[in-house]
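Worksheet for the structure shown next.
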Amino acid sequence: KNAIILPINIDRFTKERRNEMKLNKLKIKNITSYVGSNVIDLSNMKYKNFVILNGRIVNDVNTNGSGKSSIIYSILVSLGLLSNFKSLQSLTTDEDSEIELELKDDNSYQITIQRIFGKKKSILKIDSNNENDLLFLKIKDNTEFLQNKLNIDNNFLLTHVFTPSNESIYDLSSSQLFDLLERLFKIDEMDNLNNYLKDKIKSIKNEITLKENKISTNENLINTFLKKNIEEYRQKLNNIDINQSIESTKQKIQSKINEIQEYISNLKKVKLNFTIDEVLNNHSIIPDLIKTLKELTKEIETQSNTIQKEINNLTSNEKHYKNIIKEYSNLKSLNVCPVCKQTITNETKLNYENFIVEHTNKLNNIVKQRQSLNKEYEKYIEDYKILLKLQSEFNVLQSLISELSNVIKNKVETQQIIEFEIKKNEEKINEVTLENDKLKKDIITLNENLDIMEFLFNITKKKSEIRQKYIFNFIEQLKFASSEFQSILNENEIFDIQLDSGNQILFGIKRNDILIPFKLLSNGERKKTSIILIFTILKILNLTNNESKLKLLIFDDFFNGLDNNNIYKILNLMYEFSVKYDYQILISNNNIEKVDFPCVVVDIIKDENGISYIESINDSEFI
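First residue of the sequence shown? That's 34 in our numbering, and the numbers climb one at a time after it.
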């Protein structure tokens, strides 16, 4: 809050994507020492955010004059920042000179600028892959379109381009520098920012309230529902007690086994070929046993029926013999035959008596035989009944064993179901807790943004207060923003900027609490100080959304007068800046011998005939 503009990146709140253009391709034809067409195509380059132009002259140790600066000036001319076209005309041909510059953003939005100039003509053609742009180009001036789309003017030369002939930012007076920064920061637009902040503050507060309500709802869900569910399920888990049921079923099984054993021991005629232990050790044989019992029952039934028939036959014979004996006994007691009316003699009576004795003996044998068969029949019937009972008892035993298995299985399944429900509720608690953590972090971020926006809203309520507050905080803001770029200075040095008694800006290097103004510094110190100043300005512009939409920094022969150690420091700072703030940096210099970060290297050669050409374009991890 020590600075007004610095903490704000409008893009973070509006989420509007700007067309941040960068150099994608450059084609030059008949420019200075270049004859014919030469192309620098970065479209397929992996590290095109950092481009180094390396130049050499065949058979010459000096690289000055190889054609690097011609590339730089071609870019500036195509953008309309330099009007001296004739200085770029070919030295070796009378044909027209041509520059074609292609700019592109990350969303594939593309602008192509073509300039053709010769002795008698100068043509500017601009093309775009956006239909709205093409419609605009039909009714508007090309130069106006270019300035509106890229938001570039003379300030771009002061803040984005550093060539031997364009280092005028170094020579600006204090009031001119202040005026430049004031125009770049567009203080007069703060009233619009105030209205925007008012709406945005309301929106953020509403969003915070929604997230807080969601957190409260989630906590209520955890405490009054999910945790309660887990406790109830755990209670159910603890209450699952099937030991009594298992023991009861086991007792029934044992009782049934005892009954089966007793039935088996009572069998008279049937012998079973299994033991009860075999059944207990292997429950799966019970269905086969029941089947065997059914077959035995059927067999005994057949046998008993056969015996019954024999008994019936014997009973019939027994009755027959009884009737004969009775009949002859009656005849024996008579004197006259009731049929023939003849007298029955004693001899005949004796024959009757012998016949009666004979049939009585046969009758007795039949009775004994029938009685024996009856006993055997009764044994078969008894076994038959026992076998029927055994079938029933084995069925009951099978049911009891299944019941025991189901009781144990149901316990396992019930435990699994309850444990699954507990796990599901615990996972839901974790999920809701993570959501709340994220919501709380979001609220912290929103509150941070809200603090900044409320601060800005309060100081931008009135235009006069804005300007006064801005002037008051301007120096502290620049100091704060410059802190990340101080690494290129020596340990006992810091970049500093102050307002003197006349509200004039003084900047330079402070040593031992004494500010050495920029104009009193050595050439190398000026280079480092100007880098800090320009990167500080660009950082603030990037955060306030006021920078040029062409995110290209150009340094041509910038490192002259610096030793290798300082060159490497500044190069690494430039690379870090390009990555953090998404700038494309184009460097042309004779002193660059080594870099240890990814970049594109464009090798330029001037041959023994004085003709320059692009030898190669390569991605490189280091030079």
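Glycine included, each C-beta is placed from N, C-alpha and C at the ideal position.
- Relative to Thr126, the option among Asp652, Glu654, His353 and Gly643 whose CA is nearest is Gly643.
- For Tyr67, the beta-bridge partners assigned by DSSP are Ser645.
- The beta carbon of Ile279 is closer than 8 Å to those of Leu437, Val440 and Ile441 in its chain, skipping five residues each way along the sequence.
- A Cβ-Cβ distance of about 5 Å is found for the pair Ile587 and Val194, placing them in contact under the 8 Å criterion.
- Around the beta carbon of Lys101, 16 or more other beta carbons lie within 10 angstroms, which makes this residue buried.
- In this structure, the CA atom of Ile293 is about 11 Å from the CA atom of Asn428.
- Going by beta carbons, Asn556 and Asp590 fall outside the 7 Å limit.
- In this structure, Glu648 and Ile638 form a Cβ contact; the two beta carbons are roughly 5 Å apart against a cut-off of 8 Å.
- For Asn57, the enclosing beta strand (DSSP E) covers residues Lys55 to Lys62.
- Residue range Gln143 to Phe150 is occupied by the beta strand (DSSP E) that includes Thr145.
- Between the stretch 532–551 and the stretch 560–572, the count of Cβ pairs shorter than 8 Å is three or higher; the stretches touch.
- Around the beta-carbon of Asn63, 16 or more other beta-carbon atoms lie within 10 Å, marking it buried.
- According to the DSSP assignment, Phe189 belongs to the alpha helix (DSSP H) that extends over Asn187 to His193.
- Residue environment for Ser66: buried (at least 16 other C-beta atoms within 10 angstroms of its C-beta).
- In the structure shown, Thr96 adopts coil according to DSSP, grouped into three states.
- Proximity to Asn491 across Asn184, Leu170, Lys231 and Asp166 peaks at Lys231, based on C-alpha coordinates.
- Val72 is bridged by DSSP to Lys60.
- When the five nearest sequence neighbours on each side are left out, the beta carbons in the same chain lying within less than 7 Å of the beta carbon of Leu259 are those of Asn458, Lys461 and Ile462, in order along the chain.
- Note on Lys613: under 16 other CB atoms within 10 angstroms of its CB, so exposed under the neighbour-count rule.
- Taking Asp640 as reference, the option from Asn87, Ser99 and Asn95 with the minimal CA-CA separation is Ser99.
- Residue environment analysis places Phe307 among the exposed positions, since fewer than 16 neighbouring C-beta atoms fall within 10 angstroms of its C-beta.
- At a cut-off of 3 residues, the continuous stretches assigned as beta strand (DSSP E) that sit fully inside the stretch 529–604 are 538–544, 547–550 and 585–589.
- It is roughly 18 Å from the alpha-carbon of Ser366 to the alpha-carbon of Tyr354.
- Per DSSP, the continuous alpha helix (DSSP H) segment holding Phe178 begins and ends at Asn175 to Leu183.
- Straight-line measurement puts the Cα of Asp470 at about 47 Å from the Cα of Gln180.
- Residues Leu433, Glu436, Leu437 and Val440 of the same chain have their beta carbon placed closer than 8 Å to that of Thr282, with the five preceding and five following residues left out of the count.
- Rounded to whole angstroms, the gap between the alpha carbons of Pro320 and Gln431 is 8 Å.
- By the Cβ neighbour-count rule, Leu167 is exposed, with fewer than 16 other Cβ atoms within 10 Å of its own.
- The criterion of a C-beta distance shorter than 7 Å is satisfied by Lys584 and Gln617.
- Sorting Gln402, Phe453 and Met607 by C-alpha distance to the C-alpha of Phe592 places Met607 at the top.
- Going by beta carbons, Lys244 and Leu472 fall inside the 7 Å limit.
- Three or more Cβ pairs closer than 8 Å define a contact, and the stretch 403–418 meets that threshold against the stretch 338–345.
- Between Ile419 and Asn299, the CB-CB gap stays under 7 Å.
- Going by DSSP, Asn87 is part of the beta strand (DSSP E) stretching over Phe83 to Ile90.
- In this structure Ile620 is in contact with Leu86, their Cβ atoms being roughly 7 Å apart against a cut-off of 8 Å.
- Separation of Asn350 and Leu396 (C-alpha to C-alpha, rounded to the nearest whole angstrom) is 8 Å.
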